[in-house]
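Q:
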Amino acid sequence: MLSKSETDYPSADLSDFFELMKPRVMRLVIFTTVVGMVASQEFIHPVIAIASVIFIGLGAGAAGALNMWWDSDIDSVMARTDKRPIPSGKVKPEDALYFGLFLSVLSVMMLGLIANFLAAFILGFTIWFYIFIYSIWLKRLTPQNIVIGGAAGAFPPIIGWVTTSGNIGLGSILMFLLIFIWTPPHFWALSLFSHADYHRANVPMLNVTHGKPHTRLQILLYTLALILISVGISFSNLGGIFYFISALILNGYLFYLAVRVYFQNEQLSLGLNMKYEKKLFLFSISYLFVLFGMIFLEALIDRFQIASLNFQLTNIFFG
Amino acid sequence: MKNNDFEIRKRRSSTNIALGLILAIFVILIFSVTIVKLSNGDKMQAYDHVLRPEMLTDE
């Protein structure tokens with residue numbers, strides 16, 4: 100016979116703990132980390148690289164679990180999040196807390212031992228920033244929550260870069276800026292069509308505190324800043340012809356969507372079932388994914404060209 | 425009630441197997457990293473406030 104405490108949360112299994120780690124966010128973190136590693140153009144042993152990526156991913160998962168523990172009261176009143184493991188009653192809040200703390204310590208410690216302590220420090224700082232600055236302090240206080248809190252999501256390429264090179268380069272800062280400026284319009288588009296959710300949960304998103312027209316204007320302004328940064332990267336060491344062409348196409352469509360969202364009014368957007376807001380939200384995910392994919396590609400091309408140049412020089416000088 | 429207990433025990437058993445696999449992967453990962461680090465000439469002993477001849481570099 101099982102005790103009562105054992106049957107209180109009968110459906111908690113490993114997949115629920117995996118859900119606590121926000122796997123979709125983790126996937127994006129792992130992807131941008133790998134791009135940061137490759138873009139640094141420094142070589143480390145593949146085993147060290149794979150192990151580092153695993154622990155950086157676990158660090159992101161730790162932050163996700165701790166965030167779900169802290170925000171479980173908000174999650175339970177929002178339709179978008181009420182199926183998460185804690186509000187659905189599958190995982191006890193304290194289990195999520197211990198799980199997140201354990202993973203945080205493990206991931207930071209292991210990254211320090213495997214890669215270097217600067218990378219581990221930035222990973223630890225990122226987790227701390229996401230929990231204390233974003234989740235605990237800003238999220239329920241100010242509509243600037245995701246503007247400042249977005250920095251947490253922008254650190255992974257820097258962590259990847261530092262893991263391979265041991266220092267923070269200009270390229271990693273540009274990638275940081277790209278994610279940092281991308282975050283507000285992405286989440287504000289989501290908040291426009293999840294308005295009722297945020298209103299009910301009393302989260303001061305920009306559309307709740309300043310209204311939807313102001314949010315639409317801010318989306319447009321941040322999109323313009325994002326276009327400047329993402330096209331500007333074309334002319335840095337990260338960029339190249341493939342990146343530049345992709346950036347032009349992606350930014351063209353992003354700008355079109357941002358303008359359409361700006362010129363929507365309440366009746367029009369409800370009549371269209373928030374079509375353009377949803378399109379902007381979904382497209383912004385592909386936008387970031389493709390741009391980072393292009394940075395990855397350009398880094399590989401650079402490396403290949405250097406290798407080919409070395410080969411030619413070797414042939415000239417040594418026959 | 426018995427069926428419920430059986431279901432929980434069954435689920436717990438598969439969770440234990442999955443946890444065992446995760447631990448095995450962890451051990452393999454740490455072992456591989458150790459082999460790579462030692463092959464690359466990383467120090468095998470940490471500094472313990474006493475200078476040892478093997479810690480001196482060729483310079």
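Those sequence lines, one after another, are chains A and B. The first sequence lines up with residues 100 to 418 when you count with my numbering. The second sequence lines up with residues 425 to 483 when you count with my numbering. In this text, a Cβ means the ideal position worked out from N, Cα and C, and glycines have one as well.
Using a Cβ cut-off of 7 Å (strictly closer), state whether L113/A contacts chain B.
A: What you label residue 113/A is simply residue 14 of the first sequence in a count that begins at 1. At a cut-off of 7 Å between beta carbons, L113/A contacts chain B.
Q: Could you tell me whether any Cβ in chain B is nearer than 7 Å to the Cβ of V207/A?
A: If you number the first sequence from 1, residue 207/A lands on position 108. Look at V207/A: its C-beta is not under 7 Å from any C-beta on chain B.
Q: Between T458/B and Y386/A, what straight-line distance do the alpha-carbon atoms span, to the nearest angstrom?
A: Looking up residue 458/B in the second sequence gives position 34. Looking up residue 386/A in the first sequence gives position 287. Straight-line Cα distance between these residues: approximately 39 Å.
Q: Considering just the uninterrupted stretch of the alpha helix (DSSP H) at L356/A, what are its terminal residues?
A: Taking the first sequence and counting its residues from 1, the one referred to as residue 356/A is at position 257. 340 to 361 is the extent of the alpha helix (DSSP H) around L356/A.
Q: With 16 other CB atoms within 10 Å as the buried threshold, where does V451/B fall?
A: Taking the second sequence and counting its residues from 1, the one referred to as residue 451/B is at position 27. Taking every protein chain shown into account, the CB of V451/B has fewer than 16 other CB atoms within 10 angstroms, so this residue is exposed.
Q: For a quick check, are the C-beta atoms of A161/A and S206/A less than 7 Å apart?
A: Locating residue 161/A in the first sequence gives position 62, counting from the first residue. Locating residue 206/A in the first sequence gives position 107, counting from the first residue. Yes, the Cβ-Cβ distance between A161/A and S206/A is below 7 Å.
Q: Check whether chain A comes within 7 Å of K453/B, counting only Cβ atoms and requiring the distance to be less than that.
A: On the second sequence, position 29 is the one that residue 453/B refers to. It should be noted that the sequence gives Leu, not Lys, for residue 453/B. Yes, contact with chain A.
Q: Since M167/A contacts A195/A with CB under 8 Å, what's their CB separation in whole angstroms?
A: As a working mapping, residue 167/A is identified with position 68 in the first sequence. As a working mapping, residue 195/A is identified with position 96 in the first sequence. Rounded, the Cβ-Cβ distance is 6 Å, consistent with contact.
Q: Fully enclosed by the segment 226 to 301 of chain A, which beta strand (DSSP E) runs are 3 residues long or longer?
A: none
Q: Between E376/A and the rest of its own chain, which residues show a CB-CB distance below 7 Å, the 5 nearest in sequence each way excluded?
A: Reading the first sequence from its first residue, position 277 is the one you call residue 376/A. Closer than 7 Å at Cβ, skipping near neighbours: A288, L291, F292, V360, S368.
Q: Taking 7 Å as the CB-CB cut-off, is K103/A touching chain B?
A: Position 4 of the first sequence holds residue 103/A. Annotation note: pLDDT 48 at K103/A (below 50); position unreliable, coordinate value reported separately. At a cut-off of 7 Å between beta-carbon atoms, K103/A makes no contact with chain B.
Q: Quick test of the definition: if touching needs 3 or more C-beta pairs under 8 Å, does the segment 304 to 314 of chain A touch the segment 388 to 406 of chain A?
A: The segment 304 to 314 of chain A vs the segment 388 to 406 of chain A: no contact.
Q: Which same chain residues end up closer than 7 Å to F279/A when comparing Cβ atoms and leaving out the 5 residues on each side of it in sequence?
A: Position 180 of the first sequence, counting from 1, holds the residue named residue 279/A. Within the same chain, F279/A has close Cβ partners G249, A250, A253.
Q: Reducing DSSP to helix, strand and coil, say where L475/B ends up.
A: Counting from 1 along the second sequence, the entry for residue 475/B is found at position 51. In this structure, L475/B counts as coil in the three-state DSSP scheme.
Q: Would you kindly check if the distance between the Cβ of S171/A and the Cβ of P184/A is under 7 Å?
A: Position 85 of the first sequence, counted from the start, is the residue given in the question as residue 184/A. Position 72 of the first sequence, counted from the start, is the residue given in the question as residue 171/A. Not in contact: P184/A and S171/A (Cβ atoms no closer than 7 Å).
Q: Determine whether the Cβ of I213/A lies closer than 7 Å to any Cβ atom of chain B.
A: Numbered from 1 along the first sequence, position 114 holds the residue referred to as residue 213/A. I213/A counts as touching chain B.
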